[in-house]
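Enquirer: The structure is given below, and queries will be raised subsequently.
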Amino acid sequence: MGTRCVHWVLAAVFCAGSLGCGGSARSRGAATARPRGRVVASLAAVPLADCPTAPGSSGSAGIEADPRVRAAAQKGLEFLARDTIAWQEQHNCYGCHVQAVTLEAQIVGRRHDYRVPAEDLQAVMRGMLEIPGGARRPVGFSVQDNPSHLIESAKAFGGAALAQYDEHMGPEVREELIRTAESLLEYQEADGSVRSTDRRPPVVAGPMQSTTQAAQTWRQAYARTANERWLPPIARAEAYLRNRAAQLTDDAPERILELDYAIIGLVAAGAQATEAVLRDLDRQLRGGQNDDGGWAMGRGGDSDAFSTGQALYALKLLGANDGDSAIRRGAAWLVDHQREDGGWSQGGARRGEAMWAVLGLVSTDVMSLSIAGLRDGEHVSGPTEIALGASDNGGAAVRRLDVSVDDVPVHSVCGDRARYSLDASTLAEGVHQVDVVATNTRGQTSRRRIEVYAGDYYLTRVGTTFADGSTIVSFRNVAPAATPTAVRLRVLTDTGRPGEGEEVFSTRQEGTQGAMRFSWNGATRDGGRAAAGRYRATLEIESAGRTLQTVDVPFVHDTLEAQRAAFGEVAGQLRVDGAAPAANAEVELVDQSGNVLQRARTTHSGQYRFRNLERGRYSVRVRRPGFRDATAPVTAAPASTDSADFDLARH
């Protein structure tokens with residue numbers, strides 16, 4: 000099937016139903032939260048402030064980074080590229096701790112306006128893809144094209160690097176990303192960890208590292224495809240990382256590295272800074288900082304560049320800004336201990352060490368942003384007062400601060416400080432994204448995104464897959480840790496209507512914050528065995544005898560191959576103003592009578608997908624506050640995927 004791009008300025012061409020569609024069709028497959036009658040006001044869009052461009056004072060918000068940091072990061076990037084390309088020319092093969100670690104640093108550098116010459120990036124990409132061991136070779140990422148020697152590490156390092164590239168650079172390696180993500184599924188163990196036969200600390204640090212890298216790979220595979228099949232392995236990886244983090248002791252020989260990987264992996268799996276496990280890991284990591292400002296791998300050791308850079312990177316993921324004392328002290332340690340050639344040591348681990356040192360420094364953007372009063376993963380109610388600040392790290396001045404909610408601009412002021420009151424009554428029940436963007440007098444921008452929840456919304460990332468004879472229903476429970484919850488799964492015969500049908504099976508679990516999953520092997524309440532086919536799962540989260548949220552999950556209890564052969568799919572991407580992906584937008588699949596059959600939310604890459612569609616004609620409809628409505632006709636057929644992309648235009 001073809002792909003069509005719908006520009007919202009042409010939305011009047013289409014009607015709410017399927018324009019010109021004949022015949023009848025039914026479909027099931029996307030998780031849908033049942034409406035609860037929440038009445039909200041509309042977000043009011045505001046124009047961007049018209050601010051003077053003449054340079055003014057810089058750094059007045061008081062959160063600027065050490066002025067030496069960006070220079071040291073640039074020097075480190077140049078060292079990494081130079082050293083990696085020389086190694087590649089000498090050995091003519093892919094090395095997981097060579098090209099992959101360098102590519103990750105280069106991508107973050109590009110994102111934050113550092114100089115990364117195109118020829119350096121291309122040379123490293125050639126090593127990732129084309130030469131022996133590269134992703135486009137017969138066995139994919141490997142050591143010298145050997146399908147068994149250290150294969151898990153080769154693919155884990157490579158997958159994490161390709162995930163960064165696909166998210167921030169472009170689609171050139173998308174096929175290689177998905178193939179690598181599929182390969183990594185083979186190495187996931189029963190406890191959720193990803194097998195690693197290579198252990199050479201600090202660069203190759205065992206299952207915590209390989210599981211983190213696999214979670215990063217699967218996260219982007221899901222973001223790029225919106226295919227629910229990636230959610231259960233991510234949830235299993237999160238469960239392993241949580242369990243392992245709880246077992247860490249103060250005297251573990253590589254405790255800081257394990258803390259770092261726990262944070263990085265949990266964030267990749269969807270955990271947010273307000274969750275109890277990450278608050279505790281943040282406290283432990285800060286407590287491990289040495290008096291000289293650096294970190295060591297184990298308790299009482301000497302500070303080193305690898306541990307220090309990795310710790311800075313992890314703390315930044317948790318929302319720490321450049322004015323944070325731990326960040327400033329750690330960055331100063333790295334600057335003070337950098338060698339003249341741009342690296343930090345001469346050993347065989349120098350690239351891995353330099354990569355983490357550079358990532359710790361290169362996360363310092365053109366401008367430093369501070370957001371006080373709102374944290375990632377927070378449940379908001381009523382007015383929330385937010386204080387914003389920005390400082391330029393390159394000698395320019397901050398010209399303007401902008402705030403948007405779900406891509407709708409809601410606040411814009413000139414200067415480097417702002418206050419904004421986020422009124423939860425304007426937010427529909429569910430997840431919302433708050434973006435803060437600073438623009439300087441050179442036209443450069445720095446941004447930060449925070450995800451918050453409004454209303455009774457506690458079950459996220461609901462997905463199903465079929466494995467080993469069972470349907471797996473995975474999800475994240477984002478209820479506050481202090482709120483005792485339980486989650487019930489009911490499997491019903493599928494009538495096409497949410498919550499209806501005869502109950503086939505039910506079970507209940509005590510709620511835990513983070514990843515949860517149910518597994519149904521087809522057993523019925525009367526001791527029989529359910530036939531393969533369509534069913535509907537109902538997830539209910541309850542607390543103190545009250546049901547807080549209900550989510551309906553239509554699914555097919557059968558192998559993925561059988562599902563693919565019998566049903567069709569519809570997928571596509573949403574963009575804002577033809578550029579940035581429209582994340583967290585609701586998309587509807589509509590039949591010829593205008594009935595909504597499925598709803599889906601776009602991923603952070605703007606992708607949506609409807610699965611297990613019966614043959615027929617449908618419409619895809621998008622309604623997003625602040626943007627024009629649009630509808631596009633699509634056709635579903637077994638073993639095929641039709642597409643409809645949307646370019647969102649503002650009112």
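In numbering that gives the first Met the number 0, the protein residues as written are 0 to 650.
Just so you know, even glycine gets a beta-carbon here, dropped at the ideal spot from N, CA and C.
#1: With a floor of 3 residues, list each beta strand (DSSP E) that falls wholly inside the stretch 381–437, ordered by position along the chain.
#2: Anyone know if the C-beta pair for V490 and F504 falls short of 8 angstroms?
#3: Under 8 angstroms between the Cβ atoms of S639 and G571?
#4: Can you grab the Cα-Cα spacing for the pair I651 / D557, in whole Å?
#5: In the DSSP output, what is Y534 paired with across the bridge?
#6: Report the option in P497, G318, R545, L183 whose CA atom is closest to the CA atom of G376.
#7: Given a threshold of 16 other Cβ atoms within 10 Å of its Cβ, counted over all protein chains shown, does V68 qualify as buried or as exposed?
#8: Identify, in the order they occur along the chain, each residue of the same chain with its Cβ nearer than 6 angstroms to the Cβ of V8, setting aside the five sequence neighbours on each side.
#9: In angstroms, rounded to a whole number, what distance separates the CA positions of A295 and Y312?
#10: Thinking C-alpha only, which one of G442, S367, L421 is nearest V451?
#11: In terms of residues, what are the limits of the beta strand (DSSP E) holding P632?
#12: Does the Cβ-Cβ distance between D641 and T634 come in under 8 angstroms?
#13: V589 to G429, Cα distance in whole Å?
#14: Please report the distance separating the alpha-carbon of R374 from that of E384.
#15: Cβ of D112 within 8 angstroms of Cβ of R350?
#16: Taking DSSP's pairing of strands, which residues face I449 in a bridge?
#17: Decide if the stretch 570–586 is in contact with the stretch 187–197; the criterion is three or more beta carbon pairs, one per stretch, under 8 angstroms apart.
#18: Check whether the stretch 516–527 touches the stretch 457–477, counting contact only when three or more Cβ pairs, one atom from each stretch, lie closer than 8 angstroms.
#19: Just to confirm before moving on: does the CB-CB distance between I540 and T484 stay below 8 angstroms?
#20: Per the DSSP calculation, G571 is bridged to which residue(s)?
#21: For the candidate residues M168, D340, L538, whose alpha-carbon lies nearest to that of R223?
#22: Measuring CB atoms only, is the stretch 532–550 touching the stretch 614–621, in the sense that at least three cross pairs come out at less than 8 angstroms?
#23: Take every Cβ of the stretch 432–439, pair it with every Cβ of the stretch 358–371, and state whether three or more of those distances are shorter than 8 angstroms.
#24: Please list, in chain order, all residues of the same chain as T2 whose beta carbon is under 8 angstroms from its beta carbon, the five residues on each side excluded.
#25: Any heavy atom of the ligand FMN closer than 7 angstroms to the CB of S445?
#26: Is it right to say S424 is buried, meaning 16 or more other beta carbons lie within 10 angstroms of its own, or is it exposed?
#27: Please report the distance separating the alpha-carbon of G108 from that of D249.
Expert: If we stick to the structure as given:
#1: Correct list: 382–391, 397–404, 407–413, 416–422.
#2: In the sequence shown, counting from the first residue as 1, residue 490 sits at position 491. In the sequence shown, counting from the first residue as 1, residue 504 sits at position 505. In this structure, F504 lies closer than 8 angstroms to V490 by Cβ.
#3: Taking the sequence shown and counting its residues from 1, one reaches residue 639 at position 640. Taking the sequence shown and counting its residues from 1, one reaches residue 571 at position 572. No, Cβ-Cβ distance for S639 and G571 is not below 8 angstroms.
#4: Here the chain has residues from 0 to 650 only, and residue 651 is not among them.
#5: Counting from 1 along the sequence shown, the entry for residue 534 is found at position 535. Listed as beta-bridge partners of Y534 by DSSP are T492, F554.
#6: Here residue 376 refers to the residue found at position 377 when the sequence shown is read from its first residue. Measuring from the Cα of G376, the nearest candidate turns out to be G318.
#7: As a working mapping, residue 68 is identified with position 69 in the sequence shown. Buried.
#8: Locating residue 8 in the sequence shown gives position 9, counting from the first residue. A caution first: V8 carries a pLDDT of 31, below 50, which makes its placement in the model unreliable, though a value can still be read off. Leaving aside the five residues that flank V8 on each side, the residues in its chain whose CB is nearer than 6 angstroms to its CB run, in chain order, A648.
#9: Start at 1 with the first residue of the sequence shown, and residue 295 comes out as number 296. Start at 1 with the first residue of the sequence shown, and residue 312 comes out as number 313. Looking at the backbone, the Cα of A295 and that of Y312 are separated by about 15 angstroms.
#10: In the sequence shown, counting from the first residue as 1, residue 451 sits at position 452. When each option's Cα is compared against that of V451, the closest is L421.
#11: In the sequence shown, counting from the first residue as 1, residue 632 sits at position 633. P632 -> beta strand (DSSP E) spans 629–635.
#12: One-based indexing of the sequence shown puts residue 641 at position 642. One-based indexing of the sequence shown puts residue 634 at position 635. Yes, Cβ-Cβ distance for D641 and T634 is below 8 angstroms.
#13: Walking along the sequence shown from the start, residue 589 turns up at place 590. Walking along the sequence shown from the start, residue 429 turns up at place 430. One C-alpha to the other measures close to 21 angstroms.
#14: Residue mapping note: residue 374 aligns to position 375 of the sequence shown, counting from 1. Residue mapping note: residue 384 aligns to position 385 of the sequence shown, counting from 1. Taking the straight line joining both Cα atoms gives about 12 angstroms.
#15: As a position in the sequence shown, residue 112 is number 113, starting the count at 1. As a position in the sequence shown, residue 350 is number 351, starting the count at 1. Cβ atoms of D112 and R350: not closer than 8 angstroms.
#16: Working through the sequence shown from its first residue, we reach residue 449 at position 450. According to DSSP, I449 bridges with V433.
#17: Cβ pair count under 8 angstroms is below three, so no.
#18: Taking one beta carbon from each stretch, the stretch 516–527 and the stretch 457–477 have 3 or more pairs nearer than 8 angstroms; the two touch.
#19: The residue given as residue 540 occupies position 541 in the sequence shown. The residue given as residue 484 occupies position 485 in the sequence shown. Between I540 and T484, the C-beta gap is smaller than 8 angstroms, which places the two residues in contact.
#20: Translated into positions along the sequence shown, residue 571 becomes position 572. BP columns for G571 point to Y607.
#21: The residue you call residue 223 lines up with position 224 of the sequence shown. R223 has its Cα closest to that of M168, out of M168, D340, L538.
#22: As far as the Cβ criterion goes, the stretch 532–550 does not touch the stretch 614–621, which means the pair count is below three.
#23: Touching, per the Cβ criterion.
#24: To locate residue 2, count along the sequence shown from 1; it is residue 3. The predicted position of T2 is uncertain, since its pLDDT is 41 and thus under 50; no value can be drawn from it.
#25: Here there are no bound small molecules, and the ligand FMN is not part of this structure.
#26: The residue you call residue 424 lines up with position 425 of the sequence shown. Exposed, since its Cβ has fewer than 16 Cβ neighbours within 10 Å.
#27: Counted from its first residue, the sequence shown places residue 108 at position 109. Counted from its first residue, the sequence shown places residue 249 at position 250. So the alpha carbons of these two residues sit roughly 34 angstroms apart.
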